[in-house]
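Here's the structure we're looking at; comments come further down.
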Amino acid sequence: MPFFIALVVDGILAGSIYALIALAFVVVYKAARIINFALGECVMLGALLVAFALHGLGLGLAGALAVAALGMAALALLFSRLVLYRLFGAPLISLIMVTLGLGALIRGGGTIMLGGVPREIALPIPRAPLEIGTLQIAADRLTAAVIAALCVALVAWFHHRSRTGVALRAIAEDRTVAMASGIDVRRYVALTWVAMGVICVAAGVLWTFVSGGGFSVALVGLKVFPIVIIGGLDSIPGTVVGAMIVGVLESLAAGYLDPGFAPVAAWLVLLMVLILRPQGLFGTRRVERV
Numbered sequence: 005m006p007f008f009i010a011l012v013v014d015g016i017l018a019g020s021i022y023a024l025i026a027l028a029f030v031v032v033y034k035a036a037r038i039i040n041f042a043l044g045e046c047v048m049l050g051a052l053l054v055a056f057a058l059h060g061l062g063l064g065l066a067g068a069l070a071v072a073a074l075g076m077a078a079l080a081l082l083f084s085r086l087v088l089y090r091l092f093g094a095p096l097i098s099l100i101m102v103t104l105g106l107g108a109l110i111r112g113g114g115t116i117m118l119g120g121v122p123r124e125i126a127l128p129i130p131r132a133p134l135e136i137g138t139l140q141i142a143a144d145r146l147t148a149a150v151i152a153a154l155c156v157a158l159v160a161w162f163h164h165r166s167r168t169g170v171a172l173r174a175i176a177e178d179r180t181v182a183m184a185s186g187i188d189v190r191r192y193v194a195l196t197w198v199a200m201g202v203i204c205v206a207a208g209v210l211w212t213f214v215s216g217g218g219f220s221v222a223l224v225g226l227k228v229f230p231i232v233i234i235g236g237l238d239s240i241p242g243t244v245v246g247a248m249i250v251g252v253l254e255s256l257a258a259g260y261l262d263p264g265f266a267p268v269a270a271w272l273v274l275l276m277v278l279i280l281r282p283q284g285l286f287g288t289r290r291v292e293r294v
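Numbering-wise, my numbering puts 249 at position 245 of the sequence shown, and it's gapless, one number per residue.
Spelled out as structure tokens, the structure:
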């Protein structure tokens, strides 16, 4: 029983970081209906920019985070203005292809420009385990999970309580009606890409601190798709629930079966959800006339 509890706790801690990464996907999809296949590369680039600012520019942690956030926001804004604006109303496959191209560009450009940058990102967080009875919890993973949970809560509050969040929800509900109401859809879609870039910086730093950095961070994007589909592509609460399910499943599969089976477990659950509830646990069923 203690072993089972330890695995569940470890899965919840991992799920908190998964939720933050998946949130970067959901904020874009809710407003723009774009499936961002470059998400893993964006998380990787955010972490690499922080590492470059720390080791290459000699900045402190706060300065490095600010530089990386500005860099990712600028990249996201340029991509939205120069590429997505021209594809406004284009078929879905066109939007998917440009995000795949963005991912390839980030991987290639990152290898050329940031290939020699040290990957380590040190945070002022103790790594000694915390002991709660017979249960040991890694302090670094616990702190990273708490920070990730606070970031998710902040974004959720902004999306539901702020005026900008109301506009984004109106766009997600019906883009045509939102435009008729005077909402500048393109401006707000660009804002969601900027938010995605900033979230990727926070997620990349936490992931690098807990699991290691480098160009392999881009692979974390593969973990996002089961999460957002299980929870619902357009649901922030569903993203959190899906992340927790995937995190706990991976931890249990690694502990009781085989570590190599852990990623497969999430995809098996994804198949079950697609069969039983295609829109996800918290997703919105859309009915369209044809």
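Note that the Cβ used here is the ideal one computed from N, Cα and C, for glycine as well.
Per DSSP, cross-strand counterpart(s) of residue 142: Here residue 142 is taken as the residue at index 138 of the sequence shown, counted from 1. BP columns for residue 142 point to 133.
Apply the 10 Å Cβ neighbour rule to residue 135 and answer buried if 16 or more other Cβ atoms are within range, or exposed otherwise. Taking the sequence shown and counting its residues from 1, one reaches residue 135 at position 131. With fewer than 16 other Cβ atoms within 10 Å, it is exposed.
Going by beta carbon distance, what residues of the same chain come within less than 6 Å of residue 24, once the five residues before and after it are set aside? As a working note, residue 24 is residue 20 in the sequence shown. Excluding positions up to five away in sequence, the list reads 152, 155, 156, 207.
Just tell me which of 103, 131, 241, 267 has its CA closest to the CA of residue 214. Translated into the one-based positions of the sequence shown, residue 214 becomes position 210. Distances from the alpha-carbon of residue 214 to those of 103, 131, 241, 267 put 131 closest.
Just mark residue 45 as buried or exposed, buried being the case when its beta carbon has 16 or more other beta carbons within 10 Å. Sequence index remark: in the sequence shown, residue 45 carries index 41 (1-based). With a 10 Å radius around the Cβ and a threshold of 16 neighbouring Cβ atoms, residue 45 comes out buried.
9 Å is my cut-off, CB to CB: does residue 84 come that close to chain B? Reference to chain B is not applicable here, since this structure consists of a single protein chain.
Cut-off 8 Å between Cβ atoms - residues of its own chain near residue 30, not counting five sequence neighbours on either side: Looking up residue 30 in the sequence shown gives position 26. Closer than 8 Å at Cβ, skipping near neighbours: 232, 237, 238, 239, 240, 243.
With C-beta atoms as the reference, is residue 80 less than 9 Å away from residue 197? For the purposes of this step, residue 80 is identified with residue 76 of the sequence shown, where counting begins at 1. For the purposes of this step, residue 197 is identified with residue 193 of the sequence shown, where counting begins at 1. The Cβ atoms of residue 80 and residue 197 lie closer than 9 Å to each other.
Boundaries of the alpha helix (DSSP H) in which residue 179 is found, first to last residue: Here residue 179 refers to the residue found at position 175 of the sequence shown. Counting along the chain, the alpha helix (DSSP H) containing residue 179 begins and ends at 179-184.
Do you know offhand how far residue 104's Cα is from residue 28's? Within the sequence shown, numbered from 1, the residue matching residue 104 stands at position 100. Within the sequence shown, numbered from 1, the residue matching residue 28 stands at position 24. Using only the alpha carbons, I get a separation of about 16 Å.
Look at the alpha carbon of residue 205 and the alpha carbon of residue 223, and state the distance between them as a whole number of angstroms. Walking along the sequence shown from the start, residue 205 turns up at place 201. Walking along the sequence shown from the start, residue 223 turns up at place 219. Cα to Cα, residue 205 sits roughly 16 Å from residue 223.
Can you tell me which of the three DSSP states residue 125 falls into? In the sequence shown, the residue the question calls residue 125 occupies position 121. Shown here, residue 125 sits in coil according to DSSP, grouped into three states, outside any helix or strand.
Tell me which residues share the same chain as residue 2 and place their Cβ nearer than 7 Å to its Cβ, disregarding the 5 neighbours each side in the sequence. The question about residue 2 has no answer here: the residues shown for the chain are numbered 5 through 294.
For a quick check, are the C-beta atoms of residue 176 and residue 124 less than 9 Å apart? For this step, residue 176 is matched to residue 172 along the sequence shown. For this step, residue 124 is matched to residue 120 along the sequence shown. With contacts defined as CB atoms closer than 9 Å, residue 176 and residue 124 fail to qualify as a contacting pair.
Tell whether a beta-carbon distance below 9 Å holds between residue 9 and residue 251. Numbered from its first residue, the sequence shown carries residue 9 at position 5. Numbered from its first residue, the sequence shown carries residue 251 at position 247. Cβ distance not < 9 Å, so residue 9 and residue 251 don't count as in contact.
Proximity winner among 6, 64, 144, 37, relative to residue 20 (alpha-carbon distances): On the sequence shown, residue 20 is found 16 positions in, with the first residue counted as 1. Closest by alpha carbon: 144.
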